[in-house]
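For the sequence shown, the numbering used here begins at 31 and goes up steadily by one. All C-beta atoms, glycine included, are put in the ideal place defined by N, C-alpha and C. Computed from a prediction, not measured in an experiment: that's the story for all the values here.
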Amino acid sequence: MYYQLMNVATSTALDALARFGHALSDPTRAKILMSLRESSAFPTDLADALDVSRQSISNHLACLRGCGLVVAVPQGRRTRYELADQRLGHALGDLHELVLAVDPGHGVSGDAGVESGR
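As structure tokens, then:
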């Protein structure tokens, strides 16, 4: 029984990491998450700040909601978005400050459109 529960917990943790990785794999989603790390925002404000169409922001926010990383908070006739868990903000901050030793021959672009913290 304990082994079964441990596998479920590990599976859940790995699933959360996979969702987080998927969200960060797109530069626009990464920028949205970094923006929401600072404060909650309305989609129109995110679109303007990131110079992205409102339709694109809407699609990315739907993906981030589906991944469980952001939540929609009704506010009158509008919807404000924020990180689903404030610990995500700390994790994003830690990742933003991370310095990686990248193998240039690996085939992954070093400039994915996300500004580095350095």
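- DSSP places R107 outside any alpha helix (DSSP H), giving it a letter other than H or E.
- Looking at the backbone, the Cα of L91 and that of V100 are separated by about 8 angstroms.
- By the neighbour-count criterion, in which a residue is buried when 16 or more other Cβ atoms sit within 10 angstroms of its Cβ, A60 is buried.
- Between the alpha carbons of T58 and H120 lies a gap of roughly 19 angstroms.
- In the structure shown, L54 falls within a helical segment according to DSSP collapsed to helix, strand and coil.
- For P73, the enclosing alpha helix (DSSP H) has its first and last residue at 73-80.
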